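Q: Quick mapping for you: the protein sequence lines, in order, are chains U and S.
Numbering-wise (our numbering), the first sequence opens with residue 1 and increments by one.
Numbering-wise (our numbering), the second sequence opens with residue 259 and increments by one.
Backbone N, C-alpha and C fix where the C-beta goes; we use that ideal spot for every residue, glycine too.
In this text, all values refer to a predicted model and were calculated from it rather than measured experimentally.
Starting off with a structure, shown below.
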Amino acid sequence: MQIAVCVKQIPDPGDPPRFDAQTYRLDRSGAIILDDSDAYSVEMALRLAEVAGGEVTAVSVAPDGELSGLRTALAMGVQRAVLVSDPALAGLDALGTAKVLAAVARRVGAELVLAATESTDGYTGTVPVQLAELLAWPALSFARHVELEDGLLRVQRQTEAGYDELRCPPPAVVTVTAGVVEVRYPTMKGILSARSKPVDQLSLADLDLEAAEVGVLGAGQEVVGIEDAPVRAAGTMVTDDGTGHVAVLEALRSWKVI
Amino acid sequence: MLSRFPVVGGVAIVALALSGRRLWQLGQLVTSGAPAPGRKGRWGARLTREVREVVGQQRLLRWRLPGLAHAFTFWGFLLLGLTVIEACGDLFSASFALPWIGHAAIVGFLEDLFACAVLVSLVVFAAIRLRQNPRVLERRSRFFGSHNGVAWLVLGMIAAVIVTLLLYRAAQTNTGHFPYGWWAFASHGLGRALAGLGAGTNRTLETVFVDLNLIVIFAFLVLVVYSKHLHIFFAPINIAFARTPRALGALDKTPVMDLEELTEESRFGAGRIEDLTWKQRLDLLACTECGRCQSQCPAWATEKPLSPKLLVMALRDELLASTRPAGDHAGGSEGRALVGAVVEAAAVWSCTTCGACVEQCPVDIEHVDAIVDLRRHEVLMASRFPPEAGTMLRSLENRGDPWGMGSQHRLDWTSGLGFEVPVVEGRIPDEVEYLLWVGCAGAFDDRARATTQSLARLLHLAGVSFAVLGPRESCTGDPARRLGNEFLFQEQAKANIAVLKEVGVRKLVTSCPHCANTIGAEYPELGLEVEVLHHSELLAQLLATGRLDAGRLPASVTYHDPCYLGRHRRVFDAPRSVIDGVEGVELVEMERRREQSFCCGAGGARMWLEESSGTRINRARADEALGTGAAVVATACPYCAVMLDDAVRERGRSEEVEVLDLARLLERSGASGRGVGAG
Ligand SMILES: Cc1cc2nc3c(=O)[nH]c(=O)nc-3n(C[C@H](O)[C@H](O)[C@H](O)COP(=O)(O)OP(=O)(O)OC[C@H]3O[C@@H](n4cnc5c(N)ncnc54)[C@H](O)[C@@H]3O)c2cc1C
Ligand code: SF4
Ligand code: SF4
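Here's what the structure looks like:
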């Protein structure tokens, strides 16, 4: 089975993001890492391939030929990587990203696409489902376990109460819930072999995509301004002198909670 | 008389052949090990060490009674080598005497003296073994898990050697074949008792006991090479090749981790017996199973599955089982996995790398290096380690510190200090004396941050000019290294070394002993030589030169020696002089201190691992500190402070007892300085 796993390469989410004052684009000049959320889908894909056989390709859309996050996925054990990088992609939105990913999924002949439920930085959580729609494949979201049995995908879908059991014939898009598996740490052999694994660097032309469909020209959404989130105001401290419960009730009433 | 030859000679030939073959095989086993860099050269230092530790029995003598007993037995055996020659001579001529010295009174006296000393020592050994009986004390006995049956057999054999020796010498005094006069007091004394048996019987006794003496000696030789008593041969060799001055501080090996120079076939750490260097193999053969290491090990003392002795013994058994030398395995069967099949994984991960074992081992075995080598294989080759360590490694890799706080918070501690802490931009300006290496704990952990602030204020008071790297500082890599992730360590080290060289560092001071050890002792191997001071050393200097005056703090204080400051860096006195410098302080020491200090439980990256089995190490240590009745538990390491503080809280004693870094203690005393505002 050919598995494609989508990985986003993002600036370290611990550092405060910096934006270009005019274009509002993210400054990606610092260290770029494999999005932690995607590490779980990579792990899930590798486990699935180890049991069910097959190959895993890591797919990423990122500017400037960025490979550091893909290298981590390669070191973890995926067999090859595809990166789509094109100046025309500046200003790409979620739908555009999904279009590019769909084109890659077709090109590599994927029968299963794994992605995280949402990314750490953008976290719209919309890319994978749009991707499924574009491919006309079913989307199975919030997976906590994936296996392949008699040619059928079996997915445990995390719910608030527990999990649903889903079954579906491939091809499909599955989104993985963060934290559901223990992510492997690359061995030295993995790190060393990552250097010689095939990495396809593609442009829009390679994918037969028009800049007008994706990128800023095709973007259905546009960032028109960025403001700092308001600093959270200090709360009110009430010293409980025996009447604390009254203060709590009053507060709840004033917020119209009760 | 010639009829004696077939028997004694036969025994001798068989024994020499057996033991010779065994020693040759063992030698092969050692020399076929992987290369061990840095073991040759510095012969002067090695010779001194050999004289001190082997001839002088220095390390053994640190434990008074067993040390003395061993020293006398050892010296006894050296000297009694003469009697072996005499006994062999007796086979040929009953009136044989050693050439030149054969009739000297002093020789006869010393032979008898040491024969008696060995007998007394044997009684001491037996008493120690009975008192430390592992059947009764179980884990608390240092002999728990040793080959105790063989140990008793060895004691018996030694006794037999001495008893047969004294008996034939006693008989000789009555047959006129004894070469020494009355100075050989024991032989003559015993001879008196035998005199009544008559000359004929004494002649028979002489023959019988000379023969028995030689037979026992040759049998003993065979026992030695097939038991833990091998140390007779291998300990002196091991000590000659030991790390100088000791196997603490920096780790032994800094393997090449440069991706350009490695291939997918490169091996890292010790995964199978074949991976052990010849020195590590020598270590295994030198172990006497004395259990001194085990008795000091914090992991063992708190019921973890790790004993440094049992680890060495398990590896040795595996080595001996692999009788075929390394290299021969090409294409053949591969050895067993060292972690998992030979040594329990939980044991390998229990080690705090505190070095208490290395400190005590009388034959200079290098446990810490071996354990880290096992970890290296697990992490770098197999990616097998406690899962919680993965979080730490990723944080370190992505964010530059084990907590994952990120470099933008590195200067948070400077707010509210009341003065500017210069952050180095280009090169360190000439007027700045010290680069203050804050360390990750010092920057991110609340309690350690308070220490950093105290230290900064004290330096400011003393008028010491210092600057920090701020966001350009990154973890030294120590936690990754001790966990076995040498690759990540070297990545961190290279980045830090580049920054330190770029700013032109001259002198560096830090409040973290781990940082001090890594930068001071391990970075040189990777190309950076810099003078590193621990803050306790700098504060002691400032107090001694009067740039800083301690204040007054009436309190009883106990001091916990951090392993990486004390045993690894040999700084024992500076922190004590800082504490002692404070007026009103009464320093009450714990039983285990200085070289024998008991770990807080955080070293060896254990800070980031769960401690689920046995008693918690920090509690055991905090209980000792609380036992002194001191109101302040002072220490000089951010990790020790956290571990001990947690334990004191858990014991519900944080109201009366405070855990303080000595910088905070000094500041609390109302220290004043020559720097700011002073004439
Ligand atoms: C070249 C480039 C230029 C961009 N320019 C802008 C810009 O100007 N303004 C702006 O606001 N945003 C920009 N983006 C960000 C882009 O809008 C987001 O990648 C996209 O909207 C995804 O949104 P999300 O993070 O919410 O995805 P989510 O839907 O939360 O992501 C869920 C999962 O989908 C997959 N996925 C998402 N994005 C990618 C990706 N890029 N590659 C591979 N897998 C992915 C991952 O598995 C991810 O975990 C740009 C991105 C790229 C690559
Ligand atoms: S270094 Fe410390 S914890 Fe590790 S084996 Fe030695 S004594 Fe035990
Ligand atoms: S390793 Fe050293 S201290 Fe430990 S039992 Fe062996 S000889 Fe004794």
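Who are the neighbours of residue 294 of chain S on chain U, taking C-beta pairs under 9 Å?
A: On the second sequence, residue 294 of chain S is found 36 positions in, with the first residue counted as 1. Simply none; closest approach about 21 Å.
Q: Thinking just about the alpha-carbon of each residue, which of S:628, S:370, S:547 is nearest to the one in residue 862 of chain S?
A: Here the question's residue 862 of chain S lines up with position 604 in the second sequence. Residue 862 of chain S has its Cα closest to that of S:628, out of S:628, S:370, S:547.
Q: Taking the alpha carbon of residue 405 of chain S as the point to measure from, which residue in S:485, S:349, S:427 has its own alpha carbon closest?
A: Translated into the one-based positions of the second sequence, residue 405 of chain S becomes position 147. The option with the nearest alpha carbon to residue 405 of chain S is S:485.
Q: For residue 589 of chain S, does the count of other Cβ atoms within 10 angstroms reach 16, so buried, or fall short, so exposed?
A: As a working mapping, residue 589 of chain S is identified with position 331 in the second sequence. Because the pLDDT of residue 589 of chain S is 41, which lies under 50, any placement of that residue in the model is unreliable, and the number read from its coordinates should be weighed accordingly. Burial call: exposed.
Q: Around the Cβ of residue 237 of chain U, are there at least 16 other Cβ atoms within 10 angstroms (buried) or fewer (exposed)?
A: As a first step, residue 237 of chain U must be located in the first sequence, where it is residue number 237. Residue 237 of chain U comes out exposed.
Q: Between the segment 647 to 675 of chain S and chain U, which residues of the former have CB atoms less than 7 Å from a CB of the latter, in chain order?
A: Those would be 648, 651, 656, 657, 662, 664, 666, in chain order.
Q: Where does residue 595 of chain S sit, in a helix, a strand or coil, going by DSSP?
A: Taking the first residue of the second sequence as position 1, residue 595 of chain S is located at position 337. Residue 595 of chain S falls in the coil class under three-state DSSP.
Q: Counting along the chain, where does the beta strand (DSSP E) carrying residue 440 of chain S start and finish?
A: For this step, residue 440 of chain S is matched to residue 182 along the second sequence. Element bounds for residue 440 of chain S: n/a, residue is neither H nor E.
Q: From the DSSP output, in three-state form, read off residue 711 of chain S for me.
A: In the second sequence, residue 711 of chain S corresponds to position 453, counting from 1. It is helical.
Q: For a contact meaning CB atoms closer than 9 Å, what does residue 512 of chain S contact in chain U?
A: Here residue 512 of chain S is taken as the residue at index 254 of the second sequence, counted from 1. None at all; the shortest Cβ gap to chain U is about 15 Å.
Q: Which chain U residues sit within Cβ distance under 9 Å of residue 640 of chain S?
A: As a first step, residue 640 of chain S must be located in the second sequence, where it is residue number 382. Going along chain U in sequence order, the residues near residue 640 of chain S (Cβ under 9 Å) are 187.
Q: Rank U:23, U:30, U:160, U:157 by C-alpha distance to the C-alpha of residue 657 of chain S and give the top, closest one.
A: In the second sequence, counting from the first residue as 1, residue 657 of chain S sits at position 399. Of the candidates U:23, U:30, U:160, U:157, the one whose C-alpha sits nearest the C-alpha of residue 657 of chain S is U:30.
Q: Just to confirm, is the Cβ distance from residue 534 of chain S to residue 291 of chain S under 8 Å?
A: Counting from 1 along the second sequence, the entry for residue 534 of chain S is found at position 276. Counting from 1 along the second sequence, the entry for residue 291 of chain S is found at position 33. In this structure, residue 291 of chain S lies closer than 8 Å to residue 534 of chain S by Cβ.
Q: Note the first and the last residue of the continuous alpha helix (DSSP H) segment covering residue 750 of chain S.
A: By 1-based counting over the second sequence, the position of residue 750 of chain S is 492. 744 to 760 is the span of the alpha helix (DSSP H), which, as asked, contains residue 750 of chain S.
Q: Contact criterion: CB-CB distance below 8 Å. Does residue 524 of chain S meet it with respect to chain U?
A: Within the second sequence, the letter at position 266 stands for residue 524 of chain S. Yes, its Cβ sits closer than 8 Å to a Cβ of chain U.
Q: Of the choices S:471, S:390, S:434, S:382, whose alpha-carbon is the least far from that of residue 425 of chain S?
A: Sequence index remark: in the second sequence, residue 425 of chain S carries index 167 (1-based). For the residues S:471, S:390, S:434, S:382, the minimum Cα distance to residue 425 of chain S belongs to S:471.
Q: With a threshold of 16 other CB atoms inside 10 Å of the CB of residue 709 of chain S, please say whether the residue is buried or exposed.
A: Start at 1 with the first residue of the second sequence, and residue 709 of chain S comes out as number 451. It is buried - the Cβ of residue 709 of chain S has at least 16 other Cβ atoms within 10 Å.
Q: Report whether the distance from the Cβ of residue 554 of chain S to the nearest heavy atom of ligand 2 is below 7 Å.
A: In the second sequence, residue 554 of chain S corresponds to position 296, counting from 1. Yes.
Q: Which residues of chain S have a Cβ atom closer than 7 Å to the Cβ of residue 55 of chain U, listed in chain order?
A: Counting from 1 along the first sequence, the entry for residue 55 of chain U is found at position 55. In chain order: nothing, as chain S lies at least about 19 Å away.
Q: Would you check if there are 3 or more beta carbon pairs closer than 8 Å linking the segment 309 to 321 of chain S to the segment 393 to 400 of chain S?
A: Touching, no, given that fewer than three Cβ pairs across the two stretches are closer than 8 Å.
Q: Quick check: what's the CA-CA separation for residue 931 of chain S versus residue 925 of chain S?
A: Taking the first residue of the second sequence as 1, we reach residue 931 of chain S at position 673. Taking the first residue of the second sequence as 1, we reach residue 925 of chain S at position 667. Approximately 11 Å between the Cα atoms of the pair.
Q: Under the criterion of a Cβ to heavy atom distance below 7 Å, does residue 200 of chain U qualify as lining ligand 1?
A: Position 200 of the first sequence, counted from the first residue, corresponds to residue 200 of chain U. Every heavy atom of ligand 1 is 7 Å or more from the Cβ of residue 200 of chain U, so no.
Q: Can you name the residues that DSSP bridges to residue 807 of chain S?
A: For the purposes of this step, residue 807 of chain S is taken as the residue at position 549 of the second sequence. Residue 807 of chain S pairs with S:930.
Q: Cβ-heavy atom distance between residue 10 of chain U and ligand 2 below 7 Å?
A: Stepping through the first sequence from its first residue, residue 10 of chain U is reached at position 10. For ligand 2, not one heavy atom lies less than 7 Å from the Cβ of residue 10 of chain U.
Q: Give, in chain order, every residue of the segment 753 to 782 of chain S whose Cβ lies closer than 9 Å to some Cβ of chain U.
A: Within the segment 753 to 782 of chain S, no residue qualifies.
Q: Please list the partners that residue 14 of chain U has in chain S, where partner means a Cβ-to-Cβ separation under 7 Å.
A: Within the first sequence, numbered from 1, the residue matching residue 14 of chain U stands at position 14. Within chain S, the residues near residue 14 of chain U are 657, 662, 664.
Q: Measuring from the CB of residue 118 of chain U, is there a heavy atom of ligand 1 at a distance below 7 Å?
A: Here residue 118 of chain U refers to the residue found at position 118 of the first sequence. True, at least one ligand heavy atom lies under 7 Å from that Cβ.
Q: Is the Cβ-Cβ distance between residue 946 of chain S and residue 814 of chain S less than 8 Å?
A: Residue 946 of chain S cannot be examined here, being either before or after the span of chain S that is shown, 259 to 937.
Q: Quick one: what does DSSP say residue 116 of chain U is sitting in, helix, strand or coil?
A: Translated into the one-based positions of the first sequence, residue 116 of chain U becomes position 116. Residue 116 of chain U falls in the strand class under three-state DSSP.
Q: Rounded to the nearest angstrom, what separates residue 583 of chain S and residue 475 of chain S at their Cα positions?
A: Along the second sequence, one-based indexing puts residue 583 of chain S at 325. Along the second sequence, one-based indexing puts residue 475 of chain S at 217. In this predicted model, residue 583 of chain S has a pLDDT of only 48, less than 50, meaning its place in the structure is not dependable; the value taken from the coordinates is given anyway. Residue 583 of chain S and residue 475 of chain S: Cα-Cα distance of roughly 30 Å.
Q: First and last residue of the alpha helix (DSSP H) that includes residue 431 of chain S?
A: Mapped onto the second sequence, residue 431 of chain S falls at position 173. Unbroken alpha helix (DSSP H) run through residue 431 of chain S: 406 to 433.
Q: Would the beta-carbon of residue 902 of chain S fall within 8 Å of that of residue 883 of chain S?
A: If you number the second sequence from 1, residue 902 of chain S lands on position 644. If you number the second sequence from 1, residue 883 of chain S lands on position 625. It is a contact, given that the beta carbons lie within the stated cut-off.
Q: Against chain U, does residue 372 of chain S count as a neighbour if the rule is that its beta carbon must be under 8 Å from one of theirs?
A: As a working mapping, residue 372 of chain S is identified with position 114 in the second sequence. False, the Cβ-Cβ gap to chain U never drops below 8 Å.
Q: Could you name the residues of the same chain whose beta carbon sits closer than 6 Å to that of residue 860 of chain S, not counting the 5 residues immediately before and after it, in chain order?
A: Locating residue 860 of chain S in the second sequence gives position 602, where the first residue counts as 1. Excluding sequence neighbours, residue 860 of chain S sits near 897, 901.
Q: Going by DSSP, which residues form a beta bridge with residue 765 of chain S?
A: Counted from its first residue, the second sequence places residue 765 of chain S at position 507. Answer is S:789.
Q: Does chain S have any CB closer than 8 Å to the CB of residue 193 of chain U?
A: In the first sequence, the residue the question calls residue 193 of chain U occupies position 193. Output row for residue 193 of chain U: interface = yes.
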